[in-house]
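Participant:
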Amino acid sequence: MMPEPRKRSHREGDVTVENDRKKTRIVKDIKVDTKKCVGCRACEIACSAFHATPKFSSVNTARSRIMVVIDEVRDIFVPIRAGDYAMAECNGRNRYVIDGKEYDECTFCPASCPSREAFKDPDSGFPLKCDMCESVPPLEKPMCVDACTFGALIYEEREEVVTEEPKMRGEMEIGLKALIKKYGLKKVMDTIARVSKE
Amino acid sequence: MRYSETGFNLEIDLTRGSIDKVETDPRDTVLYLGGNGIAAKLLYDRVPPGTDPFSPDNLLILGNGLLNGTPVPGANRLAVNTIAPLNGLMGHSLMGGMFGPELKMAGWDRIVLRGKAPDLVYITIHNDKVEIRDATHLRGKGMYDTARLVKEELKDNRAWVATIGPAGENRSYLASIDCGNSSAARTVGPVMGDKRVKAIAVRGTKDVNLAHPAELWEMCSRLRKELDANPNVGDWMAVDEDDSFHHNNFSWGNSRVRRKTFWNANLEERWRNLKYDHMSRQTGCWNCPKACHNVIKWPNRRRFSYKCYGKDTYHMASFQELDFTYEILPIAQDLGLDSYSTPQTIAFALELLEAGILTEKDFPGMPADVRGRFYYLLNKMAFREGIGDILADGTSRAAERIGKGAEKFDHNTVKKFEQLPIKLGKLNPAYFLMIATGEDMAITQIEGSFPQDPITDPELKEEYIRKWVAVPDKKFAEWFRQWEKRDQLPDDAMVAIVDWNECMHYLDDSLGFCGFVSSFRGQFGGTTGYHVWNMPQIITHALGVDFDKDRLWECFQRNRNLVRALNNRAGLRRSMERPPEDHWAVRNEEYEQQLLTKYYDFKGWTFDGIPTKETLEKLSLGYVAQDLIKRGILTGNEVTALNDARAKKEKP
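For the protein sequence lines, the chains are G and Y, in the order given.
Count along the first sequence starting at 1, add 60, and that's the number in my numbering.
Count along the second sequence starting at 1, add 14, and that's the number in my numbering.
1) Nearest-angstrom Cα distance between K612 (chain Y) and E604 (chain Y)?
2) Relative to chain Y, which residues along the stretch 145–157 of chain G have a C-beta separation below 7 Å, given in chain order?
3) Which first and last residues belong to the alpha helix (DSSP H) in which L635 (chain Y) is found?
4) If you reduce the DSSP assignment to three classes, tell me which class D658 (chain Y) lands in.
5) Starting from C517 (chain Y), trace the alpha helix (DSSP H) in both directions and tell me its first and last residue.
6) Just to confirm, are A198 (chain Y) and Y17 (chain Y) a CB contact at a threshold of 9 Å?
7) Of the residues Y:G203, Y:D170, Y:N195, which one's Cα is nearest the Cα of G182 (chain Y)?
8) How should Y156 (chain G) be labelled, buried or exposed, when 16 other C-beta atoms within 10 angstroms of its C-beta is the threshold for buried?
9) Using the three-state DSSP reduction, which class does H70 (chain G) fall into: helix, strand or coil?
10) Would you mind stating whether G350 (chain Y) and T177 (chain Y) have Cβ atoms separated by less than 9 Å?
11) Is it buried or exposed for F494 (chain Y), if we count other Cβ within 10 angstroms and need 16 for buried?
12) If we ignore side chains and look at the alpha-carbon of each, how far apart do N548 (chain Y) and D159 (chain G) end up?
13) D192 (chain Y) and Q347 (chain Y): beta carbons closer than 9 Å?
14) Out of curiosity, what's the CA-to-CA distance linking F570 (chain Y) and N50 (chain Y)?
15) Ends of the alpha helix (DSSP H) at S355 (chain Y)?
16) Roughly how far, in whole angstroms, is the beta-carbon of N301 (chain Y) from the beta-carbon of I105 (chain G), given that I think they are within contact range, below 8 Å?
17) Who pairs with C193 (chain Y) in a beta bridge, going by DSSP?
18) Are the CB atoms of A444 (chain Y) and A412 (chain Y) within a distance shorter than 9 Å?
19) Using Cβ-Cβ distances below 8 Å, what residues of the stretch 196–218 of chain G are close to chain Y?
20) Quick check on the burial criterion: 16 or more other C-beta atoms within 10 angstroms. Buried or exposed for H151 (chain Y)?
21) Do we get a CB-CB distance below 9 Å when we pair D135 (chain G) with the residues of chain Y?
22) CA-CA distance, Y328 (chain Y) and H260 (chain Y)?
23) Report the three-state DSSP secondary structure of K161 (chain G) (helix, strand or coil).
24) Indicate whether G623 (chain Y) and A655 (chain Y) have their beta-carbon atoms separated by less than 9 Å.
25) Does the beta carbon of L230 (chain Y) come closer than 9 Å to any beta carbon on chain G?
26) Against S117 (chain G), what residues of chain Y qualify as contacts under a CB-to-CB distance less than 7 Å, listed in chain order?
27) If we cut at 9 Å on Cβ distances, does R68 (chain G) have a partner in chain Y?
28) Would DSSP call M15 (chain Y) helix, strand or coil?
29) Just how far apart, CA to CA, sit S69 (chain G) and E194 (chain G)?
30) Going by Cα to Cα distance, which pick from Y:P85, Y:G417, Y:T339, Y:L134 is closest to F388 (chain Y)?
31) Let me make sure I understand the geometry here. Which of Y:N651, Y:M590, Y:L521, Y:E335 has the alpha-carbon closest to that of A93 (chain Y)?
32) Using a Cβ-Cβ distance cut-off of 9 Å, determine whether T541 (chain Y) contacts chain G.
33) Any idea if L245 (chain G) is buried or exposed, counting beta-carbon neighbours within 10 angstroms, 16 or more meaning buried?
34) Taking C-beta pairs closer than 7 Å, name the residues in chain G that W300 (chain Y) reaches, listed in chain order.
35) Who are E232 (chain Y)'s beta bridge partners in DSSP?
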């Protein structure tokens with residue numbers, strides 16, 4: 061049983077024009093309460109099953125786009141979701157001390173990066189990224205959240221007002237500015253005049 | 015493609031250093047399921063009777079339940095089986111946590127270890143890449159350090175490492191195999207030590223395939239929510255601070271003293287604070303919506319976790335309070351000693367000292383206070399030093415070795431296996447049968463489906479029966495309806511109840527279910543998570559082979575009879591099936607023997623407790639019958655127990 065399809069049909073990035081000026085979009089959040097995580101990995105199982113082809117045909121937590129960092133002796137239980145692919149490792153890493161417990165940065169980092177095996181498809185090596193279980197029809201909440209009976213993962217949707225963004229400069233304008241910076245305005249104008257006559 | 019299982023055994027011969035990937039026969043899965051069932055078959059086929067458990071020919075099998083690694087919630091038990099050095103019978107222990115499922119995702123249903131490494135080694139498994147590595151630098155290390163160092167060497171903190179501590183290395187019969195928050199603690203640890211395997215690290219990134227994906231997921235998703243909402247599954251001891259049941263009813267010391275009024279409200283409040291002031295969180299096993307482990311950080315100790323009655327054993331054996339358990343448990347666990355039999359054995363040793371059978375000379379340098387004595391003996395036992403060398407064999411064996419009347423103090427073992435410290439008044443026929451005949455040895459591995467006590471209020475009783483879906487046959491509900499007094503039910507009912515209780519444990523142990531969501535929890539509240547009505551459907555969807563209740567029940571009977579035959583071949587007979595003489599104050603030898611006969615008859619066994627040729631053949635165990643006949647254990651003409659001439663001499 062998958063989570064119920066949800067009533068609204070927003071998808072991330074959908075922008076709704078509510079009146080002439082105010083624009084909103086839906087932002088999907090998963091709140092992680094690390095105190096409630098028991099390290100059962102049900103989220104990993106649900107994720108890997110949902111993303112299997114055909115759907116639910118296998119379990120393989122190495123294919124999961126969520127991973128629970130577990131260290132019982134240090135009392136560290138942190139579920140992290142796969143984010144973007146990073147070409148290179150960080151130059152340096154922070155170590156965080158929170159409530160007397162020391163976490164290294166990788167414990168919170170969602171990147172699929174060369175420093176670790178996480179979030180790479182075990183067969184192809186391609187990076188994995190959480191897609192919030194986007195599907196048709198959309199689910200009420202992502203599979204990992206639905207599987208977490210302990211409330212460590214809480215799904216929240218919020219509407220965010222989209223602020224009117226300044227008009228973006230086009231690609232050509234950026235290119236020209238770069239040329240002007242490099243060669244000076246006069247040289248660029250001369251060149252354009254010459255090229256336009258050819 | 016195989017579904018729900020990988021279809022491969024990892025066979026490692028430690029003497030030769032050979033590693034083989036062996037494809038298994040899918041027909042065996044349908045007959046024996048997995049876990050302890052397949053293990054019993056492997057032991058029957060490959061370890062001949064008379065094999066010294068400490069010989070290279072003994073096998074140590076770490077086998078997944080059939081449903082481990084699938085989305086089925088609460089299925090994660092790895093059965094660890096061998097011929098146990100403690101009593102020469104089939105050793106059986108269960109480990110939850112993550113090791114089993116991870117092993118399956120590495121592409122293996124089970125690990126079969128044989129031979130003996132020339133020196134201490136550890137095994138690493140990363141899918142098909144399996145290595146045997148030197149572990150001499152880990153000698154004498156505790157569980158925690160071993161796991162940490164192995165993970166560091168592998169540069170893989172996602173690996174799960176099952177290890178033995180010094181107790182296992184030194185082949186203590188009380189040694190356990192631990193992985194993370196889980197432990198295979200009964201009789202199997204010394205064989206891992208004998209094979210000189212310090213640790214096994216596993217990491218898997220392969221698919222566990224499922225036959226009917228959508229149907230299975232739908233069922234599992236619903237079950238997950240049901241188990242989560244069901245207060246009658248999981249370990250109530252993880253959350254219920256009223257533990258008067260164990261403290262007032264179980265015996266303290268070496269199963270010696272009952273303190274019927276020990277528990278009180280002040281104590282409960284004090285212990286509640288002790289726990290919550292030091293508890294980091296509760297943790298769970300793979301894919302289970304219950305979190306039964308309490309994780310404790312005690313001053314000057316590494317963080318550790320415990321579950322269930324493991325919370326009580328040390329302070330009850332030493333007449334202390336909960337703080338002593340919290341203080342000693344992380345150290346005992348690190349040494350790799352089972353927290354059920356170890357405290358009993360220590361209390362036994364101190365009793366012998368008091369009785370003058372052992373003297374101060376046997377305990378050089380032992381502190382005077384009881385806490386100090388427990389630590390002292392713990393270390394002596396783990397490293398087999400001095401008197402610890404004898405005590406490391408457990409109460410029963412140690413008593414034999416010490417002699418001089420020590421045997422009388424060995425009063426809580428059956429088949430040499432340490433039992434829960436329970437001493438009661440009046441014989442309970444069902445419990446008599448379970449304790450006498452159980453080959454999972456511990457009562458908690460046998461009881462559990464039928465309630466321990468009748469319900470007297472007729473309305474509540476009917477309500478209970480209405481909700482009781484787990485009942486495999488209407489007759490059980492009928493017996494429950496007419497049940498008034500604990501020890502009073504027809505013998506036929508007692509026998510069938512024991513059979514059902516056993517059935518659920520055998521199914522759990524071959525499928526991978528934890529008893530707390532299944533076999534053990536039917537007795538409290540009647541709404542356990544798994545039973546013979548929903549298990550077949552789950553297996554059908556996971557495995558892709560049609561199962562129904564009757565087929566599943568037959569698997570239980572097959573596995574039960576195979577284990578029995580294996581143990582018969584190792585010498586198990588009727589005379590060994592005796593609960594401790596003081597288990598109940600009031601006994602009736604004649605009645606007990608009659609019960610035993612009726613039970614054997616119900617099972618299709620001979621008067622001596624051996625499955626008859628017909629019984630074995632009906633269960634596709636003809637090869638076992640032939641083997642028993644060849645060995646002179648059966649003639650092939652035996653009748654079941656009640657038809658035996660000796661039974662007819664028993665008064666009705």
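Glycine included, C-beta positions come from ideal geometry on N, C-alpha and C.
Facilitator: Here's the rundown:
1) Counting from 1 along the second sequence, the entry for residue 612 (chain Y) is found at position 598. Counting from 1 along the second sequence, the entry for residue 604 (chain Y) is found at position 590. Taking the straight line from one Cα to the other gives about 13 Å.
2) none
3) As a position in the second sequence, residue 635 (chain Y) is number 621, starting the count at 1. No alpha helix (DSSP H) contains L635 (chain Y), which DSSP labels as neither H nor E.
4) Position 644 of the second sequence, counted from the start, is the residue given in the question as residue 658 (chain Y). D658 (chain Y) falls in the coil class under three-state DSSP.
5) As a working mapping, residue 517 (chain Y) is identified with position 503 in the second sequence. 505–525 is the span of the alpha helix (DSSP H), which, as asked, contains C517 (chain Y).
6) Counting from one through the second sequence, the residue named residue 198 (chain Y) turns up at place 184. Counting from one through the second sequence, the residue named residue 17 (chain Y) turns up at place 3. No, Cβ-Cβ distance for A198 (chain Y) and Y17 (chain Y) is not below 9 Å.
7) Mapped onto the second sequence, residue 182 (chain Y) falls at position 168. Of the candidates Y:G203, Y:D170, Y:N195, the one whose C-alpha sits nearest the C-alpha of G182 (chain Y) is Y:G203.
8) Taking the first residue of the first sequence as 1, we reach residue 156 (chain G) at position 96. Label assigned to Y156 (chain G): exposed.
9) What you label residue 70 (chain G) is simply residue 10 of the first sequence in a count that begins at 1. For H70 (chain G), the pLDDT reaches just 45, beneath the cut-off of 50, and the residue's location in the model is therefore unreliable, leaving the point undetermined.
10) Here residue 350 (chain Y) corresponds to residue number 336 of the second sequence, with the count starting at 1. Here residue 177 (chain Y) corresponds to residue number 163 of the second sequence, with the count starting at 1. Their beta carbons are under 9 Å apart, which means G350 (chain Y) touches T177 (chain Y) by this criterion.
11) Taking the second sequence and counting its residues from 1, one reaches residue 494 (chain Y) at position 480. Result: buried.
12) The residue you call residue 548 (chain Y) lines up with position 534 of the second sequence. The residue you call residue 159 (chain G) lines up with position 99 of the first sequence. Going from the Cα of N548 (chain Y) to the Cα of D159 (chain G) covers about 45 Å.
13) For the purposes of this step, residue 192 (chain Y) is identified with residue 178 of the second sequence, where counting begins at 1. For the purposes of this step, residue 347 (chain Y) is identified with residue 333 of the second sequence, where counting begins at 1. Closer than 9 Å, so yes.
14) Your numbering for residue 570 (chain Y) matches position 556 in the second sequence. Your numbering for residue 50 (chain Y) matches position 36 in the second sequence. Cα to Cα, F570 (chain Y) sits roughly 11 Å from N50 (chain Y).
15) Working through the second sequence from its first residue, we reach residue 355 (chain Y) at position 341. Counting along the chain, the alpha helix (DSSP H) containing S355 (chain Y) begins and ends at 355–368.
16) By 1-based counting over the second sequence, the position of residue 301 (chain Y) is 287. By 1-based counting over the first sequence, the position of residue 105 (chain G) is 45. Going by Cβ atoms, the distance from N301 (chain Y) to I105 (chain G) rounds to 5 Å, so yes, they are a contact pair.
17) Here residue 193 (chain Y) corresponds to residue number 179 of the second sequence, with the count starting at 1. Per DSSP, Y:S196.
18) Reading the second sequence from its first residue, position 398 is the one you call residue 412 (chain Y). Reading the second sequence from its first residue, position 430 is the one you call residue 444 (chain Y). Cβ distance not < 9 Å, so A412 (chain Y) and A444 (chain Y) don't count as in contact.
19) D206, A207, T209, F210
20) As a first step, residue 151 (chain Y) must be located in the second sequence, where it is residue number 137. Classification of H151 (chain Y): exposed, given that the 10 Å Cβ count is below 16.
21) Reading the first sequence from its first residue, position 75 is the one you call residue 135 (chain G). Yes, because at least one Cβ of chain Y sits closer than 9 Å to the Cβ of D135 (chain G).
22) If you number the second sequence from 1, residue 328 (chain Y) lands on position 314. If you number the second sequence from 1, residue 260 (chain Y) lands on position 246. Roughly 13 Å separates the two Cα atoms.
23) For the purposes of this step, residue 161 (chain G) is identified with residue 101 of the first sequence, where counting begins at 1. Strand, per DSSP.
24) Position 609 of the second sequence, counted from the first residue, corresponds to residue 623 (chain Y). Position 641 of the second sequence, counted from the first residue, corresponds to residue 655 (chain Y). The answer is yes: Cβ separation under 9 Å.
25) By one-based count along the second sequence, residue 230 (chain Y) stands at place 216. It does; some Cβ of chain G falls within 9 Å.
26) To locate residue 117 (chain G), count along the first sequence from 1; it is residue 57. N223, L224, P227, listed in chain order.
27) By one-based count along the first sequence, residue 68 (chain G) stands at place 8. Because R68 (chain G) sits at a pLDDT of 48, beneath the cut-off of 50, its placement in the model cannot be relied upon, and the following sentence gives the value as read from the coordinates. Judged by the 9 Å Cβ criterion, R68 (chain G) is not in contact with chain Y.
28) Taking the first residue of the second sequence as 1, we reach residue 15 (chain Y) at position 1. Coil.
29) For the purposes of this step, residue 69 (chain G) is taken as the residue at position 9 of the first sequence. For the purposes of this step, residue 194 (chain G) is taken as the residue at position 134 of the first sequence. Any answer about S69 (chain G) is weak, because its pLDDT of 44 lies below 50 and its placement is not dependable; what the coordinates show is given next. About 11 Å.
30) Residue 388 (chain Y) sits at position 374 when you count from the first residue of the second sequence. Checked all of Y:P85, Y:G417, Y:T339, Y:L134; the closest Cα to F388 (chain Y) is Y:T339.
31) Numbered from its first residue, the second sequence carries residue 93 (chain Y) at position 79. The candidate whose alpha carbon is nearest that of A93 (chain Y) is Y:L521.
32) Stepping through the second sequence from its first residue, residue 541 (chain Y) is reached at position 527. So no, T541 (chain Y) is outside the interface.
33) Within the first sequence, residue 245 (chain G) is the residue found at index 185, counting from 1. L245 (chain G) is exposed by the Cβ-count criterion.
34) On the second sequence, residue 300 (chain Y) is found 286 positions in, with the first residue counted as 1. Within 7 Å Cβ-Cβ: C100, R101.
35) Position 218 of the second sequence, counted from the start, is the residue given in the question as residue 232 (chain Y). DSSP, once it has assigned bridges, lists no residue as partnering E232 (chain Y).
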